[in-house]
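Since the structure comes first, as structure tokens, the remarks are kept for the end.
Residue numbers (our numbering): 14 to 263.
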């Protein structure tokens, strides 16, 4: 399915409306983005945790600039919840305990928990935008176009750069099945009935570039990083030129 609508290049007043709620899920900071920590110069520690928070805040900023007023960040980490509040999002504490699974199963449970909470808090919600929290090059323009393209479908998916993972899943709020983030999640979501919004993988590179490694971060940098990620990299001593944030739609 290739979405070709007049909202591909929406004007400043074209926004998704208040019937879409965005949800981001973030791990504990000492568990988050371990591959990035291993491959990036800063390694694990306070600077890495600051980078994880910065990428989340840039993702939240882009979602808010796209006109989505209600944004929920679910996490078991107090620092993540505080950063979400500072960014204007609602922090939701993720369940923890011995019976809570790890890995991608935990991520899917967190998204499902947040969706249940959205139904309770905002009964007028039509759809939830389940978005990865590591999209530091995300722009409001792309997000508005993706939400508009997904509006006619009960489930829609946007894949990552290699087409196997999922960066965004948009689905009706009344869907109660667990999402299927994890290995080969794009295929799993399609099998569950989600429409792939850009099967040629030619559009919205800013929303396809989730950051798991240093190479991903360089790709995001080439697209234009948000201000929080740019500042975090400066504090790490990474050289960032003046063009890093140029041309971004916020």
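Yeah, the Cβ is synthetic: ideal placement off N, Cα and C, and Gly gets one too. Here the structure is a predicted model, which means the values were calculated and not measured.
*Reduced DSSP secondary structure (H/G/I, E/B, other) of residue 33*: strand
_Helix, strand or coil at residue 2 according to DSSP, with G and I counted as helix_ = There is no way to answer for residue 2, as the model of the chain reaches only from 14 to 263.
*Which class does residue 200 belong to by DSSP, given the choice of helix, strand or coil?*
helix
*For the alpha helix (DSSP H) that contains residue 264, what are its first and last residues?*
Beyond the ends of the chain as shown, which are 14 and 263, falls residue 264; an answer cannot be given.
_Cross-strand partners of residue 168 (DSSP beta bridge)_ = 184
*asked:* Assuming the contact rule is C-beta atoms closer than 8 Å, residue 41 and residue 90 should be a hit. Round their C-beta distance to whole Å, please.
replied: 5 Å
*Straight-line gap, residue 88 to residue 146 (C-alpha atoms, nearest Å)*: 11 Å
_Close Cβ partners of residue 173 (< 6 Å) along its chain, the five nearest in sequence each way excluded_ = 180, 221, 223
*7 Å CB neighbourhood of residue 159 in its chain, flanking five on each side removed*: 171, 181, 210, 217, 220
*From residue 143 to residue 102, what does the alpha carbon distance come to, in whole angstroms?*
14 Å
*State the start and end residues of the unbroken alpha helix (DSSP H) segment that holds residue 248.*
240-248
*Excluding the five sequence neighbours on either side, which residues of its own chain have a C-beta within less than 6 Å of the C-beta of residue 79, listed in chain order?*
153, 156, 157
_What does the Cβ neighbour count give for residue 247, buried or exposed, with the cut at 16 atoms within 10 Å?_
exposed
*Helix, strand or coil: which one does DSSP assign to residue 222?*
coil
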